[in-house]
Amino acid sequence: MKDTAQLAIFIRGVTAALQVYEEFLQLVPLHGTTTGQDIFDAVLQCVKQPSLDLSRLVCVTTDGSPAMTGKKKGAASLLVRHCEAAEHTQPIHKVHCIIHQ
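Using our numbering, the first residue of the sequence shown is number 50, and each one after it goes up by one.
1) Fully enclosed by the segment 87–115, which beta strand (DSSP E) runs are 3 residues long or longer?
2) Is it the case that the Cβ atoms of Leu-103 and Ala-135 are separated by a distance below 9 Å?
3) CA-CA distance, Ala-53 and Thr-84?
4) I'd like to know whether the C-beta atoms of Ile-141 and Cys-95 end up nearer to each other than 9 Å.
5) Reducing DSSP to helix, strand and coil, say where His-142 ends up.
6) Where does Val-92 land, buried or exposed, given buried means 16+ other C-beta within 10 angstroms?
7) Can you tell me the Cα-Cα spacing of Thr-162 and Thr-82, whole angstroms?
8) Buried or exposed: Phe-89, going by 16 or more other Cβ atoms within 10 Å of its Cβ?
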């Protein structure tokens with residue numbers, strides 16, 4: 050794992066009983082570059098494996114790096130545009146993690 054970037058993906062949700070939960074989904078090695086497109090592709094592949102429904106996505110929280118938050122090529126923006134293209138109807142909020150501020 051030396052010199053290989055690692056993308057930690059967590060999901061947070063709410064049960065029918067309004068209990069908030071957070072679970073570690075996957076640690077994805079990013080070999081080579083870590084562009085917004087690379088990160089977006091890794092996230093998309095990761096959520097397809099357990100068949101997570103992106104139409105229920107309401108927020109994306111990142112570390113604030115340009116690869117994550119760039120307006121045109123950031124992973125969060127690419128994810129929002131992907132959901133909009135799939136006729137996602139609710140707004141998706143992009144949040145900068147408070148620990149990284």
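For every residue, glycine included, the Cβ atom is placed at its ideal position computed from N, Cα and C.
Looking at the atomic coordinates:
1) Those beta strand (DSSP E) runs which fall completely within the segment 87–115 and span 3+ residues are 108–111.
2) A contact, by the Cβ cut-off of 9 Å.
3) With the sequence shown as reference, residue 53 is identified as Thr, and Ala is not the correct amino acid for it. Annotation: Thr-53 to Thr-84 spans about 14 Å, alpha carbon to alpha carbon.
4) Not closer than 9 Å, so no.
5) When secondary structure is reduced to three states using DSSP, His-142 falls in the strand class.
6) The residue is buried, with at least 16 neighbouring Cβ atoms inside 10 Å.
7) The question about residue 162 has no answer here: the residues shown for the chain are numbered 50 through 150.
8) Counting every other CB atom within 10 Å of its CB across the protein chains shown gives Phe-89 a total of 16 or more, marking it as buried.
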